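This report refers to the structure that appears directly beneath it.
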Amino acid sequence: MIVKTLVYLSAAVGLSMGHHGLSLPLASLATERANFTFDQLFNFTQTFVTALKYPNNIKQANEINSTFFAENVFGRVDITGEFQGVELNTEYIFALFNNATKKDIPSYNTLFGPILEADIVHFSASGDIASATTILTYDGFPSVYSAPLVWTLLFNQQGQILEYDVMFPLVEWSLDDAFNRTAQALNLTSTDAAQVEVQQLIATSICAVHDKFCTGANQQYATNAECMNTLVNEKPLGRAYQWSHDTVGCRCIHQAMVPLRPEVHCPHIGPTGGNFCVNGKTYEETILEPVFSIPLVPVGYENKNATIAAQ
């Protein structure tokens, strides 16, 4: 199944503090900003976008500490949360779009599959910031659909991503469309029935991942039946904007990272959600919380209100 995704990428740099119990030293507002040429910023962005494609992403994910990211990189994705540090960002950016687990677990299912094509169609840049519109084509679930992504990336003086911000402006619509196509593919009578079927498939996948990789001290559920009951009857699938909340959708995302570091990621698919799949911020807090210590605008154009500049 081929999926085309429209992605708007912006490149910029900074660092901040996550809201999932993660914390690293913040980058200083006085950090010296880079000043690249237009061509350099385009090349940085093009190389990064190309690395997202399968099988390039597998190589990056296996490195654990991708050199695309600064050691103290901080990133925020509006629907999935905040990610701090090179190791965590390597996993979530490159391992998410990866079906490698399917060779070990035939029942593995995810809403996100390997990216097959990535084409920049719009681009602008200044200083250490670049913006681009990119078309991603990836193997997804259940079939072809489009979803715009808005990225803001900022590069340090070594050309590494120090800070990024990502938004999915039409994610609810794209998910509704996916349910409609699921209903058609499975001859179901409604999108509600499709959501039930999708939740069952995703829960089966997550529980299979848990049974194989979350053993010993990393075990989260006593039995597969307990896992299925929790994810089918006790946890909602969740709206798309709730993929950082206590939902099955959030655990669907995090299952991809479990094989890489079970000791870190098994709790995220467990009944408590670890420190990622948890209910937390309100809508207003999500929008207005200052999380970036370096404003994601060119030097000299920062908002004079420091709180707004950090949003």
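Reading the sequence shown from the start, the letters are residues 936 to 1246 in my numbering.
Every residue, glycine too, gets a C-beta built ideally from N, C-alpha and C.
Being a predicted model, the structure only gives us computed values, none of them experimental.
CB contact flag (Ala1005, Val1021, <8 Å): The residue you call residue 1005 lines up with position 70 of the sequence shown. The residue you call residue 1021 lines up with position 86 of the sequence shown. The criterion of a C-beta distance shorter than 8 Å is satisfied by Ala1005 and Val1021.
- prompt: According to DSSP, what are the bridge partners of Ile1055?
  reply: Residue numbering aside, residue 1055 sits at position 120 when the sequence shown is read from its first letter. Residue pairing by DSSP places Ile1055 opposite Thr1069 in a beta bridge.
Option nearest Arg1011 by Cα separation, candidates Tyr1236, Val1234, Pro1225 and Gly1094: Counting from 1 along the sequence shown, the entry for residue 1011 is found at position 76. Checked all of Tyr1236, Val1234, Pro1225 and Gly1094; the closest Cα to Arg1011 is Pro1225.
query: Under three-state DSSP, which class holds Leu1023?
result: Here residue 1023 corresponds to residue number 88 of the sequence shown, with the count starting at 1. Reduced to three states, the DSSP call for Leu1023 is helix.
- request: Spatial neighbours of Met1102 within its chain, please: CB distance less than 6 Å, with the 5 preceding and 5 following residues excluded, ordered by chain position.
  value: Translated into positions along the sequence shown, residue 1102 becomes position 167. So the qualifying residues of the chain are Asp1013 and Val1085.
- request: Name the one or two DSSP bridge partners that Ile1096 has.
  value: By one-based count along the sequence shown, residue 1096 stands at place 161. Bridge pairing for Ile1096: Phe1090 [DSSP].
query: Where do the N-terminal and C-terminal ends of the alpha helix (DSSP H) with Asn1007 fall, by residue?
result: Within the sequence shown, numbered from 1, the residue matching residue 1007 stands at position 72. Residue range Phe1004 to Val1012 is occupied by the beta strand (DSSP E) that includes Asn1007, with no alpha helix (DSSP H) assigned at that position.
task: Compare the Cα-Cα distances from Gln1019 to each of Glu1098, Cys1142 and Asp1181 and report the closest residue.
output: Sequence index remark: in the sequence shown, residue 1019 carries index 84 (1-based). Looking at the Cα atoms, Glu1098 is the closest of the given residues.
- request: Tell me whether the beta-carbon of Val1131 lies closer than 8 Å to the beta-carbon of Ile1204.
  value: Here residue 1131 refers to the residue found at position 196 when the sequence shown is read from its first residue. Here residue 1204 refers to the residue found at position 269 when the sequence shown is read from its first residue. No, Cβ-Cβ distance for Val1131 and Ile1204 is not below 8 Å.
For Phe1018, the residue or residues it bridges with in DSSP: For the purposes of this step, residue 1018 is taken as the residue at position 83 of the sequence shown. Beta-bridge partners of Phe1018 (DSSP): Gly1010.
query: Do Tyr1073 and the ligand FMN come close, with the Cβ less than 7 Å from some heavy atom?
result: Ligands are entirely absent from the displayed structure, and the ligand FMN is therefore not among its contents.
task: Kindly list the residues whose CB is nearer than 7 Å to the CB of Pro1233, restricted to its own chain and excluding five residues on each side of it in sequence; keep chain order.
output: Within the sequence shown, the letter at position 298 stands for residue 1233. Within the same chain, Pro1233 has close Cβ partners Ser1061, Gly1062 and Ile1064.
- prompt: Where Leu961 and Ala1152 are concerned, what is the direct C-alpha to C-alpha distance, given to the nearest angstrom?
  reply: One-based indexing of the sequence shown puts residue 961 at position 26. One-based indexing of the sequence shown puts residue 1152 at position 217. Any reading at Leu961 must be qualified, since the residue scores a pLDDT of 42, below 50, and its modelled position is unreliable; the value itself is stated next. Answer to the nearest angstrom: the Cα atoms are 32 Å apart.
- request: Report yes or no: do the stretch 1026-1042 and the stretch 1189-1204 share at least 3 C-beta pairs separated by less than 8 Å?
  value: The stretch 1189-1204 and the stretch 1026-1042 touch, with three or more beta-carbon pairs separated by less than 8 Å.
Local conformation of Ile1137 per DSSP, three classes: Indexing the sequence shown from 1 puts residue 1137 at position 202. Correct three-state label for Ile1137: helix.
- prompt: Do the stretch 1119-1127 and the stretch 1166-1182 make contact, defined as three or more Cβ pairs closer than 8 Å?
  reply: Because the criterion of three Cβ pairs below 8 Å is not met, the stretch 1119-1127 and the stretch 1166-1182 do not touch.
query: What's the C-alpha gap between Ser963 and Pro1230?
result: In the sequence shown, counting from the first residue as 1, residue 963 sits at position 28. In the sequence shown, counting from the first residue as 1, residue 1230 sits at position 295. Bear in mind that a pLDDT of 42 at Ser963, under 50, signals an unreliable position, so the number given afterwards is only what the model happens to contain. Computed Cα separation, rounded: 11 Å.
task: Reducing DSSP to helix, strand and coil, say where Leu1084 ends up.
output: One-based indexing of the sequence shown puts residue 1084 at position 149. Residue state, collapsed to three classes: strand.
query: Residues in its own chain within less than 7 Å of Asp1039 by CB, not counting five upstream and five downstream?
result: In the sequence shown, the residue the question calls residue 1039 occupies position 104. Lys1147.
message: So, for His1057: in the same chain, excluding its five sequence neighbours on each side, which residues have a beta-carbon less than 7 Å away from its beta-carbon?
response: Counted from its first residue, the sequence shown places residue 1057 at position 122. Only residues of its own chain outside the window of five on either side were considered, and among them Ala1067 and Thr1068 have a CB closer than 7 Å to the CB of His1057, listed in chain order.
- prompt: Could you give the residue range of the alpha helix (DSSP H) that holds Gln981?
  reply: Sequence index remark: in the sequence shown, residue 981 carries index 46 (1-based). Its alpha helix (DSSP H) spans residues Phe973 to Ala986.
DSSP three-state assignment for Asp1181, whether helix, strand or coil: Counting from one through the sequence shown, the residue named residue 1181 turns up at place 246. Look at Asp1181 here: in three-state DSSP terms it is coil, with no helix or strand label.
message: In this structure, how does DSSP classify Ile1064 when only helix, strand and coil are distinguished?
response: Translated into positions along the sequence shown, residue 1064 becomes position 129. Ile1064 falls in the strand class under three-state DSSP.
task: Could you spell out the range, first to last residue, of the alpha helix (DSSP H) harbouring Arg1116?
output: Numbered from 1 along the sequence shown, position 181 holds the residue referred to as residue 1116. Val1106 to Ala1120 is the span of the alpha helix (DSSP H), which, as asked, contains Arg1116.
- request: Using the DSSP secondary-structure output, state which residues sit across from Val1101 in a beta bridge.
  value: For the purposes of this step, residue 1101 is taken as residue 166 along the sequence shown, with counting starting at 1. Under DSSP, Val1101 takes part in a beta bridge, and its partners are Trp1086.
task: Could you spell out the range, first to last residue, of the alpha helix (DSSP H) harbouring Asn1153?
output: By 1-based counting over the sequence shown, the position of residue 1153 is 218. First-last for Asn1153: undefined, no H or E at that position.
message: From the DSSP secondary-structure annotation, give me the bridge partner or partners of Ile1050.
response: By 1-based counting over the sequence shown, the position of residue 1050 is 115. Answer by DSSP bridge pairing, in chain order: Lys988 and Tyr1073.
query: What three-state label does DSSP hand Phe1032 in the structure shown?
result: Translated into positions along the sequence shown, residue 1032 becomes position 97. Of the three classes helix, strand and coil, the one that applies to Phe1032 here is coil, per DSSP.
message: When you compare the stretch 1159-1169 with the stretch 964-978, are there three or more beta-carbon pairs, one atom per stretch, that lie closer than 8 Å?
response: The stretch 1159-1169 is not in contact with the stretch 964-978.
Contacts around Leu1110, its chain only, beta-carbon distance under 6 Å, and the 5 residues preceding and following it disregarded: The sequence position of residue 1110 within the sequence shown is 175, counting from 1. Leaving aside the five residues that flank Leu1110 on each side, the residues in its chain whose CB is nearer than 6 Å to its CB run, in chain order, Ala1175.
message: Quick check: the Cα distance between Thr1139 and Thr1242, rounded to an integer number of angstroms?
response: The residue given as residue 1139 occupies position 204 in the sequence shown. The residue given as residue 1242 occupies position 307 in the sequence shown. Looking at the two C-alpha atoms, the distance is approximately 43 Å.
field: Top-ranked residue by Cα proximity to Asn1159, from Thr1002, Ile1141 and Thr1221
entry: Against the sequence shown, residue 1159 aligns to sequence position 224. The shortest Cα separation from Asn1159 among Thr1002, Ile1141 and Thr1221 belongs to Ile1141.
- prompt: What is the DSSP secondary structure of Phe1211, counted as helix, strand or coil?
  reply: Translated into positions along the sequence shown, residue 1211 becomes position 276. Under the three-state reduction of DSSP output, Phe1211 falls in the coil class, being neither helix nor strand.
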